[in-house]
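Asks: Numbering (my numbering), first residue to last: 1147 to 1688.
All C-beta atoms in this analysis are idealised placements derived from N, C-alpha and C, irrespective of residue type, glycine included.
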C-alpha cells in the first residue's frame, strides 16, 4: 500500500509565544503524528514571525503551489489558527485543498470536510479562531491607547529617532538624522518649497529612514509630524489596512511625549503658518485649467506631467510668464530621479487641439488611424475566449462555496443569522456571473467588425462638437474623459518639432460622461450601437 505523503505546516507570529506554540514544538508533535500513522513527510513548511491574517506568507504560498502540483496528500497543522484566523480565508483554503484532493489534519481539532457535519465543525472552529484573533487585537489596541496617552510612541520607524534598545517604548535622537530634520524645517521656514528641499537633499546623498529618495510627500510628512516637537499623535487613521486614508480620524489622541524634541515650538509655528497660507493658494494641478496636466506622459519614466511656470525678462524689460509641462517625478523628487523633460504648454495644447481637428475632418488621416486600430482588433477573439474561461471557473468556485454553506445550514438551521449575509453575497455573485457569461457566450462567435470611417467619424464629430467654443475648464473636462494618454518624443535638433502620440478612448461610458450623464442623441447611439458591447473600449492612437 502506498504511503500517504504529508506536508507539515508550522507558524508563529511572535518569538515570545508559549513553548507549546513554538515552531520546534509544533514540528515535533506533527512529526510524531506522521510516525504513528506511517505517513511519509514530504516537507516541513515554516512561516516564522508572520500573522495569520497575512495570506501572502512565503511558506504558505509555496505549500499551496506544491498542493496544486500533487506533491503531497495531506497537510498537518497543530491547530487551525496556524493556517488562518479569518473564517472566510479558512473555508476558502480548505476548498482549495479539496479541489486538489489534499486533506487537512489538525492535531488539536477533529473534523472531516467531506461531510456536512465536518464542514460545520470547520466553520465553527474557524469562527472561534477569528474571535480569538479579534480578542487579541482588542487587548492590544487598549494597551496601545494607554501607551499613547502616557506619552509613549506607537508608530514605526521615524527619521531622526531610534527605539531605545531594551525599551522600545522610548525614542532616542539619532544626531545625524536630526540634522536632516532641522534642515528641512529651517529651509521651509526660510521660503524654500517641498520640491526644492527634496531635490537638494537627494543631490547631497541623503535618504529617508527606509533608504528611499526624498520627494515632496516625504518632506511634507516630516513638516507635519508632531513627534518632532516632543508630542505623540495616535489613531490619526482607523482601520488602515481596510480603509487606508478613508479612515481619517478628526480626533486622534495627542499627548506630551516622553522623548526629547528635535524642533523648537517657534520654528514649528513658523512652518505651520506658512503651510496654511500656501494651502489657501494652491498651484494649478490636475483639477485646474492646464489642459493636459496628468494626461501628458514623461518620455523617460512614464510618469504624468504637471504644469509649471517660469518668468522670463524680455529685452524691453517686460516680464513674460511661460507655462511648461514637466515630469512629476522630477518635480517631486528632483534631478537624481528623472529629468524635467519639459515641453511648452502652449505648443502641446495647440498640437493636441489641431491634431484632433485634423483627424475628424480629414478622411485620409482618419483612415490611417483606423487601419492601425483594426490590426489590434484581430487579437480580440482569443482574449474573449480566455475571459470566458476565467468567468466560468469563477462561477464554478462560487457555486461550490454556496453549496457547502447550504449543506451546513440544512444540518444546523440555527446558523442562519451567521451565514445569511455570506449566502446572499454568493447568490448575488452567481447571478451576476451567469448574466456576464450569457452575454459573452452570445458574442463569442461574433466576427470582430473592422471599424470604418462611416461609423467612427460621426462619433468623433459628436464628441468633439464645438470644441473651439469651449472654455478652458470645459475643454479640460473633455480631454480627461476622452484622451487616455499623450506621449511625445523630444527632438533635439534645433528647429524640428517634437513627435506627439495621442491615444483616445471611446466607449459608451465615455459618451455618457461627455453628455453629462444624459443619453446621447439618437443619431449618435445608432451609430455606436454596432460598435460597443458591454465594457468594450476602443483605443485610437492618432
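Report the start-end ranges of each beta strand (DSSP E) in the segment 1310-1374 that is 3 residues or longer and not cut off at the edges.
Replies: Listed in chain order, they are 1313-1319.
Asks: With a 10 Å radius around its C-beta and 16 neighbouring C-beta atoms as the bar for buried, classify residue 1663 as buried or exposed.
Replies: The residue given as residue 1663 occupies position 517 in the chain shown. Reliability fails at residue 1663, whose pLDDT of 46 lies under 50, so the model's placement of it is uncertain and the value that follows must be treated cautiously. Classification of residue 1663: exposed, given that the 10 Å Cβ count is below 16.
Asks: For a quick check, are the C-beta atoms of residue 1343 and residue 1406 less than 7 Å apart?
Replies: In the chain shown, the residue the question calls residue 1343 occupies position 197. In the chain shown, the residue the question calls residue 1406 occupies position 260. Result no, Cβ atoms of residue 1343 and residue 1406 do not sit closer than 7 Å.
Asks: Where DSSP assigns a beta bridge to residue 1157, which residues make up the other side?
Replies: Here residue 1157 corresponds to residue number 11 of the chain shown, with the count starting at 1. Answer by DSSP bridge pairing, in chain order: 1193.
Asks: Can you tell me whether residue 1495 is buried or exposed? The criterion is at least 16 other CB atoms within 10 Å of its CB, across all chains shown.
Replies: In the chain shown, the residue the question calls residue 1495 occupies position 349. Its Cβ being crowded by 16 or more others within 10 Å, residue 1495 is buried.
Asks: Determine the burial state of residue 1191: buried for a count of at least 16 other Cβ atoms within 10 Å of its Cβ, exposed for fewer.
Replies: Translated into positions along the chain shown, residue 1191 becomes position 45. The residue is buried, with at least 16 neighbouring Cβ atoms inside 10 Å.
Asks: How far does the beta strand (DSSP E) with residue 1249 in it reach, from first residue to last?
Replies: The residue labelled residue 1249 in the question sits at position 103 within the chain shown. Per DSSP, residue 1249 belongs to the beta strand (DSSP E) from 1249-1252.
Asks: According to DSSP, is residue 1148 part of a helix, a strand, or is it coil?
Replies: Position 2 of the chain shown, counted from the start, is the residue given in the question as residue 1148. Correct three-state label for residue 1148: coil.
Asks: Mind listing, in chain order, the continuous alpha helix (DSSP H) runs of no fewer than 4 residues lying wholly within the segment 1498-1586?
Replies: With a minimum length of 4 residues, the continuous alpha helix (DSSP H) runs that stay inside the segment 1498-1586 are 1509-1523 and 1526-1557.
Asks: Can you tell me whether DSSP reads residue 1603 as helix, strand or coil?
Replies: Along the chain shown, one-based indexing puts residue 1603 at 457. Residue 1603 falls in the helix class under three-state DSSP.
Asks: Counting C-beta neighbours from all protein chains within 10 Å, is the total for residue 1428 16 or more, i.e. buried, or is it exposed?
Replies: In the chain shown, the residue the question calls residue 1428 occupies position 282. Confidence in residue 1428 is poor, its pLDDT being 42 and thus under 50, which makes the residue's placement too unreliable to answer from.
Asks: Locate the alpha helix (DSSP H) running through residue 1628, then write down its first and last residues.
Replies: In the chain shown, residue 1628 corresponds to position 482, counting from 1. Taken as a continuous stretch (DSSP letters only), the alpha helix (DSSP H) holding residue 1628 covers 1618-1628.
Asks: Looking at the strands, I want to know which residues DSSP matches up with residue 1634.
Replies: Start at 1 with the first residue of the chain shown, and residue 1634 comes out as number 488. Paired residue(s): 1646.
Asks: Where does residue 1303 sit, in a helix, a strand or coil, going by DSSP?
Replies: Taking the first residue of the chain shown as 1, we reach residue 1303 at position 157. Three-state DSSP puts residue 1303 in coil, outside helix and strand.
Asks: If you reduce the DSSP assignment to three classes, tell me which class residue 1470 lands in.
Replies: One-based indexing of the chain shown puts residue 1470 at position 324. In the structure shown, residue 1470 sits in a strand (DSSP, three-state: E or B).
Asks: Just confirm the distance between the C-beta atoms of residue 1404 and residue 1298, as a whole number of angstroms; I'd bet it's less than 8 Å.
Replies: As a working mapping, residue 1404 is identified with position 258 in the chain shown. As a working mapping, residue 1298 is identified with position 152 in the chain shown. Going by Cβ atoms, the distance from residue 1404 to residue 1298 rounds to 6 Å, so yes, they are a contact pair.
Asks: Using a 10 Å radius around the Cβ and a threshold of 16 neighbouring Cβ atoms, would you call residue 1468 buried or exposed?
Replies: In the chain shown, the residue the question calls residue 1468 occupies position 322. It is exposed - the Cβ of residue 1468 has fewer than 16 other Cβ atoms within 10 Å.
Asks: If residue 1347 sits next to residue 1323, beta carbons under 8 Å apart, how far is it from one beta carbon to the other, in whole angstroms?
Replies: Numbered from 1 along the chain shown, position 201 holds the residue referred to as residue 1347. Numbered from 1 along the chain shown, position 177 holds the residue referred to as residue 1323. Not a contact, Cβ separation roughly 12 Å.
Asks: For residue 1166, count neighbouring Cβ atoms within 10 angstroms of its own Cβ and tell me buried if that reaches 16, exposed if not.
Replies: Mapped onto the chain shown, residue 1166 falls at position 20. Note on residue 1166: pLDDT 46, under 50, position unreliable in the model; the coordinate value appears next. Exposed, by the Cβ-count rule.
Asks: Three or more beta-carbon pairs under 8 Å between the segment 1175-1192 and the segment 1201-1221, yes or no?
Replies: At 8 Å Cβ cutoff, the stretches touch.
Asks: Around the C-beta of residue 1139, are 16 or more other C-beta atoms found within 10 angstroms, so that it is buried, or is it exposed?
Replies: Because residue 1139 is not part of the residues shown, which for the chain are 1147 to 1688, the question remains open.
Asks: Write down the C-beta distance between residue 1501 and residue 1330 rounded to the nearest angstrom, noting that I regard them as a contact closer than 8 Å.
Replies: Here residue 1501 refers to the residue found at position 355 of the chain shown. Here residue 1330 refers to the residue found at position 184 of the chain shown. With a Cβ gap of about 43 Å, residue 1501 and residue 1330 do not count as contacting.
Asks: Any chance the segment 1476-1494 sits against the segment 1619-1630, with 3 or more Cβ pairs inside 8 Å?
Replies: No, the segment 1476-1494 does not touch the segment 1619-1630.
Asks: Let's test the definition: count the other Cβ atoms within 10 Å of the Cβ of residue 1570 and tell me whether it reaches 16, buried, or not, exposed.
Replies: Along the chain shown, read from residue 1 onward, the residue named residue 1570 stands at position 424. Classification of residue 1570: exposed, given that the 10 Å Cβ count is below 16.
Asks: Below 8 Å on the Cβ atoms is my guess for residue 1352 versus residue 1417; work out the distance and round it to an integer in Å.
Replies: Residue numbering aside, residue 1352 sits at position 206 when the chain shown is read from its first letter. Residue numbering aside, residue 1417 sits at position 271 when the chain shown is read from its first letter. Incorrect: roughly 19 Å between the Cβ atoms, too far for contact.
Asks: Based on DSSP bridge pairs, tell me the residues matched to residue 1456.
Replies: Sequence index remark: in the chain shown, residue 1456 carries index 310 (1-based). According to DSSP, which records beta bridges pairwise, residue 1456 is partnered with 1468.
Asks: What are the residues that DSSP puts in a beta bridge with residue 1597?
Replies: In the chain shown, residue 1597 corresponds to position 451, counting from 1. Note: residue 1597 sits in no beta bridge, so no partner.
Asks: Can you check DSSP and say which residues form a bridge with residue 1449?
Replies: The residue you call residue 1449 lines up with position 303 of the chain shown. In DSSP, residue 1449 forms no bridge with anything.
Asks: One question on the structure: do residue 1243 and residue 1214 come within less than 7 Å of each other, judged by their Cβ atoms?
Replies: The residue you call residue 1243 lines up with position 97 of the chain shown. The residue you call residue 1214 lines up with position 68 of the chain shown. Their beta carbons are not under 7 Å apart, which means residue 1243 does not touch residue 1214 by this criterion.
Asks: Comparing alpha-carbon positions, which option in 1536, 1379, 1182 and 1155 lies nearest residue 1203?
Replies: Residue 1203 sits at position 57 when you count from the first residue of the chain shown. The option with the nearest alpha carbon to residue 1203 is 1155.
Asks: Can the beta-carbon of residue 1399 be found less than 7 Å from the beta-carbon of residue 1380?
Replies: What you label residue 1399 is simply residue 253 of the chain shown in a count that begins at 1. What you label residue 1380 is simply residue 234 of the chain shown in a count that begins at 1. Closer than 7 Å, so yes.
Asks: What residue does the alpha helix (DSSP H) around residue 1169 start on, and which one ends it?
Replies: On the chain shown, position 23 is the one that residue 1169 refers to. Note, residue 1169: alpha helix (DSSP H), 1169-1183.
Asks: Taking the alpha-carbon positions, what's the residue 1423 to residue 1447 distance?
Replies: In the chain shown, residue 1423 corresponds to position 277, counting from 1. In the chain shown, residue 1447 corresponds to position 301, counting from 1. In a straight line, the C-alpha of residue 1423 is about 33 Å away from that of residue 1447.
Asks: With a Cβ-Cβ cutoff of 7 Å, do residue 1362 and residue 1478 count as a contact?
Replies: Numbered from its first residue, the chain shown carries residue 1362 at position 216. Numbered from its first residue, the chain shown carries residue 1478 at position 332. It is a contact, given that the beta carbons lie within the stated cut-off.
Asks: Out of 1345, 1559, 1528 and 1443, which has the shortest C-alpha to C-alpha gap to residue 1115?
Replies: Any answer about residue 1115 is impossible in this case: the structure gives the chain only from 1147 up to 1688.
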